[in-house]
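A.B. asks: The following block contains the structure, expressed as structure tokens.
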Amino acid sequence: MEGFITVLTSWSEETVAALVLLYILLKAFKTVIHTAGRRPPGPPAWPVIGHYQYLKSGLPHHSLTKIAEQYGPIVWLQLGAVGAVIVSSSDMAREILKTQDHIFASRPAGIIGDTLFAKGQDLLFSPLNDNFRLARKIFTTELLSQQRVDSFKGLRRELVLKTMRTALEEGHANRYLNLSDLLHDQSMSLSTRMLYRMDGHAQNKELIEIIRDLSSTGFLVKEEYFPLLKLLDLSGQLKKLKKLSERYFDLMDSIIDNRLKETTKSKSNTEEDFLDVLLAKSNISRVQIKVLLLDIILAGGETIPDTIVWAMTELLRHPNVMERLQNELDDVIGKERLVEESDLKKLEYLQAVVKETLRLHPVGVLGVPHVSIEATKVAGYDIPASTRVMVNFYAIGRDPKVWENPLKFDPSRFLNSPIDVKGQQFEVLPFSSGRRKCPGMHLALVSVSYTLAQLIHACTVSLPEGFTHLDLDLEEKFGMSVAKKNPLNLLIQKRLPSDVYGRTELNVSGQ
Ligand code: HEM
0 MEGFITVLTS WSEETVAALV LLYILLKAFK TVIHTAGRRP PGPPAWPVIG
50 HYQYLKSGLP HHSLTKIAEQ YGPIVWLQLG AVGAVIVSSS DMAREILKTQ
100 DHIFASRPAG IIGDTLFAKG QDLLFSPLND NFRLARKIFT TELLSQQRVD
150 SFKGLRRELV LKTMRTALEE GHANRYLNLS DLLHDQSMSL STRMLYRMDG
200 HAQNKELIEI IRDLSSTGFL VKEEYFPLLK LLDLSGQLKK LKKLSERYFD
250 LMDSIIDNRL KETTKSKSNT EEDFLDVLLA KSNISRVQIK VLLLDIILAG
300 GETIPDTIVW AMTELLRHPN VMERLQNELD DVIGKERLVE ESDLKKLEYL
350 QAVVKETLRL HPVGVLGVPH VSIEATKVAG YDIPASTRVM VNFYAIGRDP
400 KVWENPLKFD PSRFLNSPID VKGQQFEVLP FSSGRRKCPG MHLALVSVSY
450 TLAQLIHACT VSLPEGFTHL DLDLEEKFGM SVAKKNPLNL LIQKRLPSDV
500 YGRTELNVSG Q
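Rendered as structure tokens:
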């Protein structure tokens, strides 16, 4: 009852009136939300809102994990007018993402996909259709293929060293800095340089503002679950999203126009970026180009820095793990040079640290909703067509039936273990699996591992005075990427002999 009242009191009178009207209409016309059949279990539902309060809670992946503990690994929720299934175990995830991938690999139509992504003409929000097949092929074989990701190795090195230079300069002046801010700047530069070679340009600043506004608007739009609210748009959310979308489309139009002029004047581009690749294709429209680029900015921009911040937080909370990682780096790299990306495959403990971070902190905690394209059965339960499906990756990585001491940060569990995070095994699925598996996985793993290795090998990282590792919290902030809520302020200083920095771009002024 409390949850129901909290939800209602947080909405305006008009919203409540609209909901009541919707309820009366549904009753009057005997709208059948549940078709006959044996549904998965679930908690009792409230009239009108159903189980929507579980999504509305600050951290939905936590409330959904609690429901799974009570009702089992497959649960039915009525989210306003939308029927949904939440799965929270590796067996159920295998069923959805592998065995019945052909039925569950589509995306539901929704407000974000419609408004920002031109009715799902991108990849992230595309239903299972020809657009999906084309976009997926472009992402996996061209934009984010291993070869393309490797071609940006020099760019990643340049940006990581730039980040470290800023950090060391601040550290030299005894100033603490917010690690998340620093890494988000690095990640945005990486995205925009890969996308269209621009960094620090005025248009780039405009893009950063748009993305910031988009993230703060949030991706759980309640109007999506209550059609009448969508019609009325009392909260103004839809209008706001439309405005942001127009700003983004205008900005990209000017970038594309400039590029077209540039390439007709001279074809002397040295390094092919994503915009070049997409413009060279005759089978995609300008709108598709814009929404595909937005996918990369939104899906990649925050997930990488947020994961590095989680890894650093866990390392600082576990000094023994930090020491073991530093020892590995010193043994394999030595203290006379910096880490290079080509060293990563030799750094087994580093890889285990990254996997363990992704097990406990899979930043895409609930992934992106899937939808069933036809009626089917899962674990003996009837799942109607058009059911929204969410996989709780957060719960799966912490499942006590699978993981011993699941809440302990212990990278050694991944040493000499056949379990990886790449979606082949279902015990841990930070990148999901199947047709919708994250196509940015290779870029993400190499970027996270390389940045983390540089920071731990070349820097000493200290907490503010008076803080110990016991003071570090793991509070989360929900969003498209689940980030650490409280800032991680650090003093970052040199760890290696001075001449190592002097021989690289890390020659910090005044040191
Ligand atoms: C640590 C970093 C990352 C994590 C944990 C992550 C996780 C995920 C997850 C869970 C999904 C949903 C899969 C599903 O629907 O079943 C996803 C989809 C996606 N990710 Fe990532 N991701 C990361 C980084 C990236 C990066 C760097 C990019 C691009 C540069 C990217 C691009 C995408 C795209 C385009 C999709 C949609 C795929 C589709 O719908 O077919 N991701 N990611």
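Per numbering that gives the first Met the number 0, residue 0 is the first one in the sequence shown, and the count goes up by one each step.
By construction, the Cβ of each residue, glycine as well, lies at the ideal position given by its N, Cα and C atoms.
1) Please report the residue range of the alpha helix (DSSP H) in which M389 lies.
2) Among residues of its own chain, excluding the 5 on either side of F512, which ones have a beta-carbon nearer than 7 Å to its beta-carbon?
3) If you follow the alpha helix (DSSP H) that L490 is in, where does it begin and where does it stop?
4) Determine the direct distance from the alpha carbon of E245 to that of G235, and round the result to whole angstroms.
5) Could you tell me which uninterrupted alpha helix (DSSP H) segments, each at least 4 residues in length, are contained entirely in the segment 48-93, listed from first to last along the chain?
6) According to DSSP, is V353 helix, strand or coil?
7) Looking at L274: is its Cβ nearer than 8 Å to the Cβ of L194?
8) In three-state DSSP terms, what is A482?
9) Can you tell which of L359, E168, V320 has the C-alpha that lies nearest to the C-alpha of T306?
10) Shortest alpha-carbon distance to G41 belongs to which of C437, P72, D149?
11) Which of the three DSSP states, helix, strand or coil, is assigned to D419?
12) I'd like to confirm something about I288: is its beta-carbon nearer than 7 Å to some heavy atom of the ligand HEM, or not?
13) Does the beta-carbon of P410, which I'm using as the reference point, lie nearer than 7 Å to any heavy atom of the ligand HEM?
14) Give the range of the alpha helix (DSSP H) segment to which I382 is assigned.
15) In three-state terms, what does DSSP make of T98?
16) For L291 versus L122, is the C-beta spacing smaller than 8 Å?
17) Apart from the five residues just before and just after L406, which ones in its own chain have a Cβ nearer than 7 Å to its Cβ?
18) Quick one, are the C-beta atoms of S411 and P304 less than 8 Å apart?
19) Please determine whether the Cβ atom of K483 lies at a distance below 7 Å from any heavy atom of the ligand HEM.
20) Pull up the CB-CB distance for K97 and S432, whole angstroms please, since I reckon it's below 8 Å.
21) The ligand HEM and D294: does the residue's C-beta get closer than 7 Å to at least one heavy atom of that ligand?
22) Of the residues G49, E94, G333, which one's Cα is nearest the Cα of V516?
23) On the DSSP bridge list, what partners appear for S105?
24) Going by C-alpha distance, which of V364, I372, N128, W402 is nearest R54?
25) Based on the DSSP output, what are the partners of L176 in its beta bridges?
26) Between K436 and the ligand HEM, is there a pair consisting of the residue's CB and a ligand heavy atom that are separated by less than 7 Å?
27) In whole angstroms, what is the alpha-carbon distance linking L442 and E301?
28) From the DSSP output, read off the bridge partner residues of K118.
29) So for E475, helix, strand or coil by DSSP?
30) To which residues of the same chain is F151 closer than 7 Å at the C-beta, ignoring the five residues directly before and after it?
31) Kindly list the residues whose CB is nearer than 6 Å to the CB of A378, restricted to its own chain and excluding five residues on each side of it in sequence; keep chain order.
32) Measuring CA to CA, which of L167, M311, S497, L490 is closest to Y175?
33) Say whether the segment 244-259 touches the segment 281-299, bearing in mind that this needs 3 or more beta-carbon pairs closer than 8 Å, one atom from each stretch.
34) When you compare only the Cα positions, how much space is there between V86 and M389?
35) Does DSSP put K29 in a helix, in a strand, or in coil?
36) Whether or not the segment 486-500 and the segment 450-470 are in contact is what I'm after, with contact meaning three or more pairs of Cβ atoms, one per stretch, closer than 8 Å; do they touch?
C.D. replies: Inspection of the coordinates gives the following:
1) Per DSSP, M389 belongs to no alpha helix (DSSP H); it is in the beta strand (DSSP E), 387-390.
2) The structure shown does not extend to residue 512, since the chain is modelled only from 0 to 510, so the question has no answer here.
3) Unbroken run through L490 is the beta strand (DSSP E), 488-493; no alpha helix (DSSP H).
4) If I take the Cα positions, the gap works out to 16 Å.
5) Counting only runs of 4 or more, we get 51-55, 59-70, 89-93.
6) In the structure shown, V353 sits in a helix (DSSP, three-state: H, G or I).
7) Result yes, Cβ atoms of L274 and L194 sit closer than 8 Å.
8) DSSP places A482 in strand when its eight states are reduced to three.
9) Ranking L359, E168, V320 by CA distance to the CA of T306 puts L359 first.
10) Checking every option, the nearest Cα to that of G41 belongs to P72.
11) Here D419 sits in coil by DSSP.
12) Because no heavy atom of the ligand HEM lies under 7 Å away, the Cβ of I288 does not count as near it: no.
13) Answer for P410: no, Cβ out of range of the ligand HEM.
14) Where I382 is concerned, there is no enclosing alpha helix (DSSP H), although the beta strand (DSSP E) it sits in stretches over 380-382.
15) In the three-state reduction of the DSSP assignment, T98 falls in the helix class.
16) Contact: yes.
17) Excluding sequence neighbours, L406 sits near R397.
18) Contact flag unset, no.
19) Relative to the non-hydrogen atoms of the ligand HEM, the Cβ of K483 never comes closer than 7 Å to any of them.
20) About 6 Å separates the two Cβ atoms, so the contact holds.
21) D294: yes, Cβ under 7 Å from the ligand HEM.
22) Residue 516 lies beyond the residue range present for the chain, which begins at 0 and ends at 510; the question has no answer from this structure.
23) BP columns for S105 point to V370.
24) A small correction: the amino acid at residue 54 is Leu; Arg does not occupy that position in the sequence shown. It is V364.
25) For L176, DSSP records a beta bridge to L489.
26) Yes, the beta carbon of K436 sits closer than 7 Å to at least one heavy atom of the ligand HEM.
27) Whole-angstrom Cα-Cα distance: 13 Å.
28) Residue pairing from DSSP leaves K118 without any beta-bridge partner.
29) Here E475 sits in strand by DSSP.
30) Short of 7 Å from the beta carbon of F151, and not among the five residues preceding or following it, lie these beta carbons of its own chain, in chain order: M193.
31) If we look at A378 and ignore the five residues flanking it on each side, its Cβ neighbours are I73.
32) Of L167, M311, S497, L490, the residue nearest in Cα terms is L490.
33) A contact between stretches requires three or more CB pairs, one per stretch, nearer than 8 Å, and the segment 244-259 meets this requirement with the segment 281-299.
34) CA-to-CA, the gap between V86 and M389 works out to about 6 Å.
35) For K29, the predicted model reports a pLDDT of 42, less than 50, meaning its position is unreliable and no value from the coordinates is stated.
36) Of all C-beta pairs linking the segment 450-470 to the segment 486-500, three or more are shorter than 8 Å, placing the two stretches in contact.
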